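Numbering (the working numbering), first residue to last: 838 to 940. Idealized CB from N, CA, C, for every residue including glycine. Values in this document were obtained by computation on a predicted structure and should not be read as measured data.
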């Protein structure tokens with residue numbers, strides 16, 4: 838007799854839920870890092886004077902590195918962007934948003 842359901846990959850429902858939550862967290866980290874990189878790029882484009890330019894370069898390089906790290910983490914866990922976007926859209930259509938799906 839089975840005490841809990843397993844999905845196609847042989848995971849328990851709890852393991853599957855935890856894996857999906859981890860993917861949502863990483864997906865959100867990637868999205869946030871990308872937005873941070875965009876802001877740093879805009880800051881660089883609008884920088885005036887040597888001090889602002891130096892600071893903008895520093896922030897842009899840091900944001901790029903952070904974005905690369907999160908992309909690598911997403912790749913390492915097999916995160917599929919298309920699946921995440923599809924789930925995000927269906928959650929938004931149901932009025933849940935991505936935040937409630939990860940918690």
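| Query | Result |
| --- | --- |
| For the pair the stretch 859 to 868 and the stretch 915 to 926, tell me if three or more CB-CB distances fall below 8 Å. | yes |
| Measuring alpha carbon to alpha carbon, tell me which of 882, 924, 922 and 869 ends up nearest residue 908. | 869 |
| If residue 904 and residue 874 are in contact, beta carbons under 8 Å, what's the gap, nearest whole angstrom? | 5 Å |
| For the candidate residues 867, 925, 892 and 866, whose alpha-carbon lies nearest to that of residue 878? | 892 |
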